[in-house]
Structures are given as structure tokens and as C-alpha cells.
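Below is one structure; the comments refer to it alone.
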């Protein structure tokens, strides 16, 4: 049995409880959140803002047009159209283009001639909208068949389908020309137009021409978006404006079909033979 404490000894002090900690422990969960540390409050605020942005985005994506655009974008990136996890992605190889001069015998292929005529006319209907009267067409079956017989039509194929065409011809002993350039807008991104121009230039170099020419029809009184695009594009690939003339003076037979006054801008580019590496 232990010795009793002496009467004169001071009583032992009791430990003071942590009032703040005790209140926090006993407080309901809702109140504990109210007195959460500052970094926790910041995280909560960020979570709320993120949730609001997601809700707004979800509401916007309910619109059919927006949903379709998102699905297309996801498909282009190899992601699921409606979210989720893409477990396996198999990248398809880029579609190869086959470019060449149509043989003369193709002039008797009605389906081929019709396909090229339809492609050219549809492309120019958009590219030269507002320049011609209603019903005017860039080419016809008879004209195209004759150009094929003369060896002047180059086509581009993808998956055995014609996706582009261009006309090539010689102007004089030193200059060749290409025109009637058309590329399937549904296959944009394959480089069809650039491949056709490159083939036309190689065709001219192989035959000894030192310069390539092309003509672009432009309205006089206003700027046409397609023509502005072509001007910039041809400039990027090395063509420079050589001269400008009135279409009605250069081709008087076409003047009655114009819906607005137009100039014909001539572009030229010096051709450099490509020597194979030794």
C-alpha cells in the first residue's frame, strides 16, 4: 500500500481540454466544412467552378449541331464519338493518290467523262459563284472528251475514284499552261490540288518547257473569297502575277455569260528541272 500524500502538497493540475478541437469534433459535418482550412476552401471553390463549366458545356452539347461537330472532332482525333474509353485504335494508312494523263481511249468511256465533267462543274460552281449568269457551266461532255483525245486531261484517283482533274497544254516553245484545276472538296486534306499542279509542272519540264502559266478569273468591282484564296495559294507555290487583262477583250465569246465585269489575271512560274540524285 502506497504512502499517503502529505496534507501540505499542492493538488495536481488537471489538463485543460482543447476547446476548439472538441467543438470541431462534436460539430456536424456541415459545420466542420465551414471552418475548413483555407487550402481546402480553395479546392472546394475550384471544384464548384469546374462543375459549373461542365454543366454549361453539357447543356451546349445537347444541341444537335454542336453534338455533331463534337462527334466529328472526336472521330478525327481517334476518340469515341460519345465519350467513354477507346480501348484499341488502329490508324488507317493515308490514302494514296494516283495521278496521270488520261489515255485517248478514255474519251469513249461515258461514265469517266461524266464523272470528270460533274466534278469540274461542281467545283467551279462554288469557286466562281456570282461571276457567271445562271446556268453557265465550266465544261461539257463533248469538250472534255475532245481534250482527253488530245492528251490534255490529267486526273487524280483515290481508291479507284476520280477525285481531281487539271488540263495541261503548250502555249509556245517555252511556255506550258494548266487550267480547269478541280479537286474533290469531300477529300480535302489529301493534297489533291498540289499533286495535280506538281504533275503538270513535271509534265511541262519533261517536254522541255521552261515556264508554266495559269489564268485566274477575278471580279473587277469586288473581292471574291475563292479567288483571294487561290491568289495566296498560287503565290505560296511560286507563281507570280505577270499581267492582267479584261476577259471580254481576251475572250469576247464568253462576255455575254458574265454576271459581273471580270479581269483575267495571268500568273507565271519559272520551271526548274529536277535532276535525279547520283
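Residue numbers (full-length UniProt numbering): 1 to 278. Don't be surprised by glycine CBs; every beta carbon is placed ideally from N, CA and C. Remember, predicted model here, so these are calculated numbers, not experimental data.
1) Going by the CB atoms, is the gap between residue 232 and residue 203 shorter than 9 Å?
2) Tell me whether residue 97 is buried or exposed, calling it buried when 16 or more other Cβ atoms sit within 10 Å of its Cβ.
3) For residue 127 versus residue 156, is the C-beta spacing smaller than 9 Å?
4) Please identify the residue among 207, 168, 185, 135 whose C-alpha is closest to the C-alpha of residue 151.
5) Just to confirm, are residue 262 and residue 131 a CB contact at a threshold of 9 Å?
6) Under the assumption that residue 270 contacts residue 197 (Cβ atoms under 8 Å), give the Cβ distance between them as a whole number of angstroms.
7) Measure the CB-CB distance between residue 306 and residue 190 and report whether it falls below 9 Å.
8) Beta-carbon within less than 6 Å of residue 115's beta-carbon, same chain only, minus the 5 sequence neighbours each way: which residues are those?
9) DSSP state of residue 158, grouped into three classes?
10) Is it right to say residue 171 is buried, meaning 16 or more other beta carbons lie within 10 angstroms of its own, or is it exposed?
11) Helix or strand or just coil, what does DSSP make of residue 118?
12) Please specify which runs of the alpha helix (DSSP H), each continuous and at least 4 residues long, are wholly inside the region 178-209, giving them in chain order.
13) In whole angstroms, what is the alpha-carbon distance linking residue 248 and residue 193?
14) Tell me, which residues are paired with residue 98 by DSSP?
15) Which residues in the same chain have their Cβ closer than 7 Å to the Cβ of residue 257, if we skip the five residues on either side of it in sequence?
16) So if DSSP puts residue 263 in a beta bridge, which residue, or which two residues, is it bridged to?
17) By the DSSP assignment, the alpha helix (DSSP H) with residue 235 in it spans what residues?
18) For residue 272, I'd like the list of residues in its chain whose CB is within less than 7 Å of its CB, leaving aside the five on either flank, ordered along the chain.
19) Report the rounded CA-to-CA distance for residue 267 versus residue 201, giving the unit in angstroms.
20) Can you tell me whether residue 138 is buried or exposed, with buried defined as 16 or more other CB within 10 angstroms of its CB?
So, to answer that:
1) It is not a contact, given that the beta carbons lie outside the stated cut-off.
2) So residue 97 ends up on the buried side.
3) Their beta carbons are not under 9 Å apart, which means residue 127 does not touch residue 156 by this criterion.
4) In this structure, 168 is the residue among 207, 168, 185, 135 with its C-alpha nearest to the C-alpha of residue 151.
5) Inclusion of residue 262 and residue 131 in the CB contact set at 9 Å is warranted, their separation being smaller than that value.
6) That belief does not hold up - the Cβ atoms of residue 270 and residue 197 are roughly 15 Å apart, past 8 Å.
7) Absent from the model: residue 306. The displayed extent of the chain is 1 to 278, so no value can be given.
8) Once the five neighbours on either side are set aside, the close Cβ partners of residue 115 are 162.
9) Secondary structure of residue 158 (DSSP, three-state): strand.
10) So residue 171 ends up on the exposed side.
11) DSSP places residue 118 in helix when its eight states are reduced to three.
12) Within the region 178-209, the complete alpha helix (DSSP H) runs of at least 4 residues are 192-206.
13) Using only the alpha carbons, I get a separation of about 28 Å.
14) Per DSSP, 157.
15) Same-chain partners within the cutoff: 132, 133, 136.
16) The beta-bridge partner set that DSSP reports for residue 263 consists of 218, 246.
17) Counting along the chain, the alpha helix (DSSP H) containing residue 235 begins and ends at 225-236.
18) Only residues of its own chain outside the window of five on either side were considered, and among them none has a CB closer than 7 Å to the CB of residue 272.
19) Our two residues, residue 267 and residue 201, have alpha carbons roughly 14 Å apart in a direct line.
20) Buried: at least 16 other Cβ atoms inside 10 Å.
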